[in-house]
Amino acid sequence: MFQIGADPTLAMTRAIEWSSEHMEFGWTHAYAGAAEWLQLYDDHDGKREQQLISLLEAVGHMSEDTLRESRYPFF
462 MFQIGADPTL AMTRAIEWSS EHMEFGWTHA YAGAAEWLQL YDDHDGKREQ QLISLLEAVG
522 HMSEDTLRES RYPFF
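Per the numbering used here, the sequence shown starts with residue 462, numbered consecutively.
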């Protein structure tokens with residue numbers, strides 16, 4: 462995403478949008494932890510590898526909580 466000029470944090474936004482419908486009993490620690498990972502992303506400004514690691518950690522926690530789960534739309 463860096464190479465094509467896109468904002469890599471949009472991947473986090475999309476992961477939240479998708480995963481939110483796959484949590485039957487509401488959100489998990491993955492969303493709370495994502496705030497800290499985003500802070501680390503900002504702290505490593507200019508260090509693309511570290512920034513990518515921060516985003517992947519956050520998205521990884523979301524995917525672990527929702528992998529193979531059915532949709533449970535709340536609205």
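Beta carbons: idealized from backbone N, C-alpha and C, even for Gly.
As assigned by DSSP and simplified to three states, the class of residue i
{"i": "D506", "result": "coil"}
{"i": "M523", "result": "helix"}
{"i": "E530", "result": "coil"}
{"i": "M473", "result": "helix"}
{"i": "I465", "result": "coil"}
{"i": "E485", "result": "coil"}
Exposed unless 16 or more other CB atoms sit within 10 angstroms - verdict on residue i
{"i": "Y502", "result": "buried"}
Whether residue i touches residue j by CB criterion (7 angstroms)
{"i": "E518", "j": "H483", "result": "no"}
{"i": "A495", "j": "D526", "result": "no"}
{"i": "A485", "j": "Y533", "result": "The amino acid occupying residue 485 in the given sequence is Glu; Ala does not appear at that position. Cβ distance < 7 angstroms, so E485 and Y533 count as in contact."}
{"i": "A467", "j": "V520", "result": "no"}
Integer-rounded CB distance, given that residue j should sit under 8 angstroms from residue i
{"i": "S515", "j": "H505", "result": "7 angstroms"}
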